[in-house]
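A.B. asks: Let me give you the structure first, and then I'll get to my questions.
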Amino acid sequence: MENNFYSDDQLYPWMKTNFNRLLLRAHNNKLPNAFLIEGKSGLGKIALARQFAKKLLCTGSALAGPACDTCNHCHWFNATTHPDFTQINPAEKSHVIKVDQIRYLNDRIALKSHGEKYKIVIIAPAESMNINAANSLLKSLEEPPGDTLFLLVSHDAGLLPITVRSRCQRFIVHSPNKSDSITWLKSQSVADPERYLAMANDSPVTALDFSTRNMLDLYKSIIKDLEFVFEQQGSVISIAEKWHGYDLQPVLTWMGQWIRESIKAQLLGTKSPQKSPLFNIKMDLPLMFRAYTQTIQASHLLKTAVNKQMILESLLFTWNGQLQESNGLGTR
Ligand SMILES: [Zn+2]
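Numbering (my numbering), first residue to last: 188 to 519.
Following this line, the structure appears as structure tokens:
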């Protein structure tokens, strides 16, 4: 769901406290070799990491506040030519950070720093590294050359190998409070900010993205399709075919959220999990867990998968499994 339509070159207003927390660590000479900046997608963590990196490299600004934007270092940073700064993202359209990218990085940080300050590396999202890439990073994380600071940004740190996680200091970023998010969304001219914020699971940047892409219609049509699936009114195969053309990452994130809300409600004995538009679905708990796990798996599989149709069908068959079971068709 992470996207590049918004600028990573601004510090979102709710990130100021996090920025100052990081800055304080730098002023007190308490920076680790590597931070793992964790939090859900759509909070502006990459922007936070970039602004912090820029500030550390800047030679023109006062201790507090953002980088000066006028010194040479800021110019180089803005022109993406700063010799002491490297940002690694998945190669376009691949969703994966490959080992060659990390080898390039390792060679780059082995060089002497050009300024008197840090060499800074951002890897985002860090969980996009494939296993070879993660292994190749380990040695640099363990013994970083010179004053290298790694900023690993992760939307789902549980997906990172423990060997990588254990070499980083965690820096957790929380969602801003709702009223701050709503105020910001209004300032970005989002109509119906409450609805979009709920669709985005309280991530304001994602909410803005959804609104810009007019995703409310898609959201409503997914709910309708799933109701059909539950009620066995629609054919799973034709719904899977229809979904082919959709941007499936947000769709699967919504499905994950809804089923999680339903599980929570059932466990807590709440009658209707109002946060889920599918609160009236009736599934037994083991099936809900299965549907949840499969939804998360599908979200990862579909990033690289070739056979979308099969993954979607199998997912939707699980989602209507309860009815299959009660009809004696069985799903096991
Ligand atoms: Zn500067």
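All residues carry an ideal CB built from backbone N, CA and C; glycine is no exception.
Sorted by chain position, which residues of the same chain lie with C-beta nearer than 7 Å to residue 214's C-beta, five sequence neighbours on each side aside?
C.D. replies: Excluding residues within five positions, the ones whose Cβ falls inside 7 Å are 250.
A.B. asks: Which term fits residue 451, buried or exposed, when burial requires 16 or more other beta carbons within 10 angstroms of its beta carbon?
C.D. replies: Its Cβ having fewer than 16 others within 10 Å, residue 451 is exposed.
A.B. asks: Go through the segment 334 to 399 residue by residue and report every complete run of the beta strand (DSSP E) that reaches 3 residues or more, in order.
C.D. replies: Correct list: 335 to 341, 356 to 359.
A.B. asks: Going by DSSP, what residue range makes up the beta strand (DSSP E) through residue 275?
C.D. replies: Segment 272 to 275, the beta strand (DSSP E) holding residue 275.
A.B. asks: Taking the CB atoms as reference points, tell me whether residue 465 and residue 449 lie closer together than 8 Å.
C.D. replies: Cβ atoms of residue 465 and residue 449: closer than 8 Å.
A.B. asks: Quick one: what's got a C-beta closer than 7 Å to residue 502's C-beta in the same chain, skipping five residues either side?
C.D. replies: Here the set comprises 481, 482, 485.
A.B. asks: Would the beta-carbon of residue 358 fall within 8 Å of that of residue 221?
C.D. replies: No, these two residues do not count as a Cβ contact at 8 Å.
A.B. asks: Buried or exposed: where does residue 393 fall if 16 or more other Cβ atoms within 10 Å of its Cβ makes it buried?
C.D. replies: Label assigned to residue 393: buried.
A.B. asks: If you drop the 5 nearest sequence neighbours on each side, which residues of the same chain put their C-beta closer than 6 Å to that of residue 219?
C.D. replies: Around residue 219: 356.
A.B. asks: State the DSSP-derived secondary structure class of residue 438, mapped to helix, strand or coil.
C.D. replies: Residue 438 falls in the helix class under three-state DSSP.
A.B. asks: Quick one, are the C-beta atoms of residue 353 and residue 390 less than 8 Å apart?
C.D. replies: No; because the gap between Cβ atoms is not below 8 Å, this pair is not in contact.
A.B. asks: Considering only the alpha carbon of each residue, which of 271, 200, 312, 447 lies closest to residue 475?
C.D. replies: Ranking 271, 200, 312, 447 by Cα distance to residue 475 puts 447 first.
A.B. asks: In angstroms with no decimal places, state the Cα-to-Cα distance between residue 470 and residue 294.
C.D. replies: Computed Cα separation, rounded: 53 Å.
A.B. asks: Identify which residue in 488, 491, 454, 396 has its Cα closest to the Cα of residue 473.
C.D. replies: Of 488, 491, 454, 396, the residue nearest in Cα terms is 454.
A.B. asks: When you compare only the Cα positions, how much space is there between residue 421 and residue 428?
C.D. replies: C-alpha separation (whole angstroms): 12 Å.
A.B. asks: By a C-beta neighbour count over all protein chains shown, 10 Å radius and 16 as the cutoff for buried, is residue 199 buried or exposed?
C.D. replies: By the 10 Å Cβ count, residue 199 comes out buried.
A.B. asks: Can you tell me whether residue 202 is helix, strand or coil according to DSSP?
C.D. replies: Residue state, collapsed to three classes: helix.
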